[in-house]
Each structure stands twice: as C-alpha cells, then as structure tokens.
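**Q** Before anything else, here's the structure in question.
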Amino acid sequence: MRILIVEDEPDLIDALSRTLREEGYAVDTAEDGEEGLYKAKTWDYDAILLDIMLPKLDGLGLLEELRKSKATPVLLLTARDTVDDRVQGLDSGADDYLVKPFELSELLARLRALIRRSTGTASPQINIGEVTIDTASKSILKEGEEVNLTAREYALVEMLALNRGKLVTRTTLYEHLFDENEDSLSNLMDVYVSNVRKKLGKDFITTKRGQGYLISV
Ligand code: CA
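With this note's numbering, letter number 87 in the sequence shown gets 113, and the count goes up by one each step, no holes.
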C-alpha cells in the first residue's frame, strides 16, 4: 500500500512517514498543495493524507481539482474543528477527516478502514483457504498458526488478497509497494513472491508469466 502525505509541518511529516513505514506502507511526501496535486494525479496511491492549510494551493483546492479525474481515498487533516470545515471537506470529496492533534493509532485505524472500504472489503479479515489475513493487526495465520512475514511480504500478500481472483500486474505491484525514493530492482518482486510461497504454500500465489500475479478465489 502506497500513501501520499501532503503536509507542510516538517515534524508532522517525519512522524507520519516514520510510523507509516514501520507499518509496512510505502510513503511519498509533498510539502505544498501544487506538489501534492501533481503527485496525486501522477501516481495511483492507495490513500492520501491531506492537510487543509497548505502553501501555494490549499487542501480543499487540491481535493476539488483531484476529484475531476481521480477517486483516490482522502483523509483530511484539519487544524480547526468547526462544522463548516468538516462539511466543506466532505462536500469537496474527502472520505474522512481527523482533527489535529490526533493519536497516530487512530490515524492508522482510519487509514486501514478507508483502504478497506475503497477495495470493497467490509471485514478486516480475508480468508483464503487455510490462510487468514487480518488487515487490522497486519498478521497472517495459516491453519490457526501465526506466520511471520516481513512488512514488504505482508504488503504483497495484502495487495493480492484485496484483489483476489484478479491479475495484479508487476507494474501495479511496484507502484503500490515501493515509494518514489526506492530503486525498484526488477527481480525484487520475484524474491518476495518466492519467500511468501515458502511460508504460505507454493500454490498460494499464481504467476502469470510476463504479466503479473494473482491469488485465486
Ligand atoms: Ca498546514
């Protein structure tokens, strides 16, 4: 899952990106509204954390512009808790909002819910054969036993599980699992897939040669 943070407070950017990376998300950042809009239109993010008060173009302006072409889930971060702000934010196409200061644990929970809703998965648990993926605790059970995956391996499994039955191209996987600063080596995905197969079974992920991967329904 790849997240864009549009925020102009350096300390908050640092705290948010560190926390999200620890949770296994790929993270891009933008420090003003224009840069944020450019990135939001260029890449297919799984969600955007959007501050309202931003230099160059404010968050609501960015959102209105973005909604002309994209439905990327947006969580607004607002400094002012007034009814007008919230109504205007939701009317502009935001999916949810948080009032600063907020607890990082609440932000993470809302982000997970937002991504889940956008993929049409109502329950935090996804069952595939004997494997259970818990998107709330980011843990995986096989036959009731917890399996240890790295954050990246988990992200790969979650992405395929949320799109189960559908082919996910290598390009899409790279775009959602790596951030803009990472040098995505072409064979890295094969390594993750191979590790996941060792842990969850060799038939858990199907390879469509030259196209991508899928988890069968
Ligand atoms: Ca701000």
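Each residue gets a CB set at the ideal place from its N, CA and C atoms; glycine is no exception.
Bear in mind the structure is a predicted one, so any value in this text is a computation, not a measurement.
How long is the line joining the alpha carbons of E184 and L203, rounded to whole angstroms?
**A** Going from the Cα of E184 to the Cα of L203 covers about 11 angstroms.
**Q** Is the closest heavy atom of ligand 1 to the C-beta of L89 under 8 angstroms?
**A** Flag unset: Cβ of L89 not near ligand 1.
**Q** Could you give the C-beta distance for K67 and A56, rounded to a whole number, given that I count them as a contact under 8 angstroms?
**A** Not confirmed; about 11 angstroms, so no contact.
**Q** Return the CA-CA distance between L175 and V222, expressed in angstroms with no decimal places.
**A** Each residue's Cα considered, the two are about 8 angstroms apart.
**Q** Would you call the region 115-124 in contact with the region 77-92, where contact means no fewer than 3 C-beta pairs closer than 8 angstroms?
**A** Counting Cβ pairs under 8 angstroms, three or more are found: they touch.
**Q** Considering only their Cβ atoms, is the gap separating A73 from G98 smaller than 9 angstroms?
**A** This sequence places Thr at residue 98; Gly is not what is there. Yes. Within cutoff.
**Q** Anyone know if the C-beta pair for D40 and E206 falls short of 9 angstroms?
**A** The answer is no: Cβ separation not under 9 angstroms.
**Q** CB of L101 to nearest heavy atom of ligand 1: below 8 angstroms?
**A** Incorrect: L101 has no Cβ contact closer than 8 angstroms to ligand 1.
**Q** Nearest to L89 by CA position, among G191, G59 and D110, is which residue?
**A** It is G59.
**Q** I'd like the ranges of any alpha helix (DSSP H) spanning at least 4 consecutive residues and lying wholly in the region 103-182.
**A** Here the runs fully enclosed are 109-117 and 130-144.
**Q** Would you check whether ligand 2 has a heavy atom nearer than 8 angstroms to the C-beta of I31?
**A** Ligand 2 is absent from the structure shown, which contains only ligand 1.
**Q** So which residues touch the region around ligand 1, with touch meaning a C-beta under 5 angstroms from any heavy atom?
**A** Matched residues: D34, D77 and M79.
**Q** Does the contact criterion of 3 or more C-beta pairs under 8 angstroms hold for the region 182-201 versus the region 231-240?
**A** Segments in contact, yes.
**Q** What is the rounded straight-line gap between the Cα of G50 and the Cα of K224?
**A** So the two alpha carbons sit approximately 20 angstroms from each other.
**Q** So what does DSSP say about A97, is it helix, strand or coil?
**A** Reduced to three states, the DSSP call for A97 is coil.
**Q** With DSSP as the reference, identify every bridge partner of D77, one or two as the case may be.
**A** Paired residues: L103.
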